[in-house]
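Each protein sequence line maps, in turn, to chains A and B.
According to the working numbering, the first sequence is numbered sequentially starting from 1070.
According to the working numbering, the second sequence is numbered sequentially starting from 17.
Where a beta carbon is used, it is the ideal one built from N, C-alpha and C, also for glycine.
Remember, it's a predicted structure, so these values are computed and weren't measured experimentally.
In what follows, a structure is listed as structure tokens, so that the remarks can point back to it.
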Amino acid sequence: MTYNRNEPLIRSHIDTPICNRDSRSKGLSPIVLISRDGDLVFKNGNSYYINSSSFTLKENLFTCNGLSVELPTHRTITPIERLWLGLGFSFTKDDTAFDLDAVDVDFKSILHTLTTMALKDMKLISGNFTQKKQQRYGEHVFESYLLAVTGSGRIKARNKHIRFLNEEDTKQLKAKLFTTSSYQAGVRSMEYTPTATVEAIMRKVFAFLDTTIFKRNDIVLQPLDFVVTKEQLHQIRLHDVMLLLSCCTGYNDGFIIRPEITDDQYSRVYSVFTSISSDTRTLLGFKNYDIGSALQTICLQLVDNPSRYPLHQELMNDKNKFRHKIMLETGNDLAWAKKEFSKANNLDNMPKRYKQYPTLQAYYKEAVLLREEVIQGVDATILERAELFAKPKWRKKWVKGKKEPEYIVDRVKESSLFFFIWTQHEREIREAMMSCFNTPEACHQVHDAVYSREEVDMQVLENAVLEVTGFEVKISH
Amino acid sequence: MKQELAMKLAEGIHLLHLDSNPYYTNQQLSNVVGVSISTIKRNRDTIKLLDVALYLTETDDDIQ
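Spelled out as structure tokens, the structure:
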């Protein structure tokens, strides 16, 4: 007998009784089922016959060729046993605790298995799929969730996890897990927003993980590593829990998180630490050292005549006062005002709604002038580096006989070019700040801030920045 | 076959059934039970009978 899963396997009771001469002569009842290998199973009293073999079954007592075995009682399998099973480990009845070694197994594979289990528990994938296919579902759903909660949530259509959900999703799972925004082929990818269903799956994944006992690993911690305990994870929002756990490399008092740094733009660096919320960073014991109004502070010191930009100056001098002014003028809340300032500096075209808000309109006009002046006066090396990463500007081109326009690259987006220029200076400032800490290599860079567990006087940082970079900045918590 | 091995095999097959997996391979059963593949192959006849017996004793509610 072979256990090849490619073989046709039918395991169901047969409705129509089939009897052959042999079975009749033995006084056997019709087939009770077809075995996994396609053999017919006959029954006579307590005895079962399969080809030349036979066994008896009295309640749970299996007897065959003088061997008697009490078959396992029907107990419910625990989540951790399923995890164990999913990972292909053996376990016996006598085991009381299942210690998992987070170093021996790729931690992500544990999360993938738990996602598979959660999907099965919620009856979102078919139990008839092979173990491997179920596992693949778990993997792709988990990875897609991570992408959806990172940054803007835009995922390229050619991403392998999304492709799996698009192409092999026979259960229409993607539609249940994510809502999607509009997209433009070759220009803008779809934005994925997790639904309540996928959040419930992730809560279940976390609940399963919570019941797991992990072995302690003697890992030598690297400077940027940090440890998150199970208690801390309970206080953190679910998105961040999953993002952090996806970077886990071992277990020692808590999960050891090793952020993988992406640093290829000469400007900002990205890691799991930049994706989690600032509340989570604080909860993990990190102190933030923020550059006050980074964009305005840097850019106004790059131009010849800062007095040409009074509104930017006003925002830089007292951010809160200026924001309140806008809130009063527009009748919107603080979050709206914050977003609009960021947009004004990062958009190529002015949003139409600014026409009804004179201050915002004036601010946008200033922002455009400031952008032009900064780009014109920039150092050649910085400009060259910025051009490498600036996003392209797309232009519609109508072709005769075609209903849809074609999109062609015109030149780089000015706002994007501007972003990659001033963020290179922002990086210089961050590096100057980090040099003031006892262990600069343990500092986490997050855009316009540096996070560290050390306490350093703000004045010391400001002086160091002025001395090293020539920028006069205000640093605050 | 030893009684002890038969017990382990029955437990392993049962767990694979609980895991809604009628398509398990020799390798999967060997992983779950913690014995070598050659042991699985050597005892294939008993395994087949145990598989059927377990299937007969399990109700649909047990298979999740």
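Asked	Found
Contact belief for A1518(A) with P1292(A) at Cβ below 8 Å, rounded distance in angstroms	Not quite, the Cβ-Cβ distance comes to about 18 Å (not below 8 Å), so this is no contact.
Best match in F1506(A), S1213(A), L1290(A) for proximity to L1180(A) [C-alpha to C-alpha]	S1213(A)
Presumed contact (8 Å Cβ cut-off) between Y1520(A) and R1350(A), rounded CB distance	6 Å
L1352(A) beta carbon less than 8 Å from that of Q1365(A)	no
Assumed close pair S1346(A), D1309(A) - CB separation to whole angstroms, cut-off 8 Å	6 Å
Below-8 Å beta-carbon distance, T73(B) vs any chain A residue	yes
Simplified DSSP assignment, three categories, for Q80(B)	A caution first: Q80(B) carries a pLDDT of 32, below 50, which makes its placement in the model unreliable, though a value can still be read off. Note: Q80(B) maps to coil in three-state DSSP.
Alpha helix (DSSP H) segment containing A1413(A), residue limits	1403-1415
With 16 other Cβ atoms within 10 Å as the buried cut-off, status of M1191(A)	exposed
Exposed unless 16 or more other CB atoms sit within 10 angstroms - verdict on A1436(A)	buried
Bounding residues of the beta strand (DSSP E) (the contiguous stretch that carries L1130(A))	1130-1133
Test item: CB-CB of T1538(A) and E1497(A) under 8 Å	yes
Rounded straight-line distance, which links the Cα of L25(B) to that of Q44(B)	12 Å
Contact set for M1419(A): own chain, Cβ-Cβ below 6 Å, skip 5 residues either direction	Y1433
Chain B contact for T1161(A) (CB, 8 Å cutoff)	Unreliable placement is indicated for T1161(A), whose pLDDT of 47 sits below 50; the coordinate value is still reported in the next sentence. Interface residue, yes.
One or two residues paired with E1260(A) in a DSSP bridge	R1223(A)
T1161(A) burial status per 10 Å Cβ neighbour count (16 or more: buried)	Low local confidence applies: a pLDDT of 47 at T1161(A) is under 50, so the model's placement there is unreliable, with the coordinate-based value given in what follows. Answer is exposed; the Cβ neighbour count stays below 16.
N- and C-terminal bounds of the alpha helix (DSSP H) containing T1399(A)	1388-1399
Residue burial classification, W1467(A) (beta-carbon count within 10 angstroms, cutoff 16)	exposed
Cα-Cα separation, K1299(A) to M1271(A)	15 Å
Burial state of A1226(A), where buried means 16 or more other Cβ atoms lie within 10 Å	exposed
Inter-stretch contact (C-beta, 8 Å, three-pair minimum) for the stretch 1312-1323 of chain A and the stretch 1490-1509 of chain A	no
As assigned by DSSP and simplified to three states, the class of W1467(A)	coil
Own chain partners of N42(B) with C-beta closer than 6 Å, once the 5 adjacent residues on each side are dropped	I53, I56
Assigned exposure category for L19(B) - 16 Cβ within 10 Å defines buried	Before going further, note that residue 19(B) is Gln rather than Leu in the sequence given. Counting Cβ neighbours within 10 Å, Q19(B) comes out exposed, since fewer than 16 surround it.
Closer than 8 Å at the beta carbon, the chain B residues around L1364(A)	Residues of chain B passing the Cβ test: none, with the nearest at roughly 54 Å.
Interfacial residues, the stretch 52-74 of chain B to chain A, with Cβ spacing under 9 Å	I56, K57, R60, D61, T62, I63, K64, L65, L66, D67, V68, A69, L70, Y71, L72, T73, E74
Contact set for Y1339(A): own chain, Cβ-Cβ below 7 Å, skip 5 residues either direction	T1331
DSSP-derived helix/strand/coil call for Q1241(A)	coil
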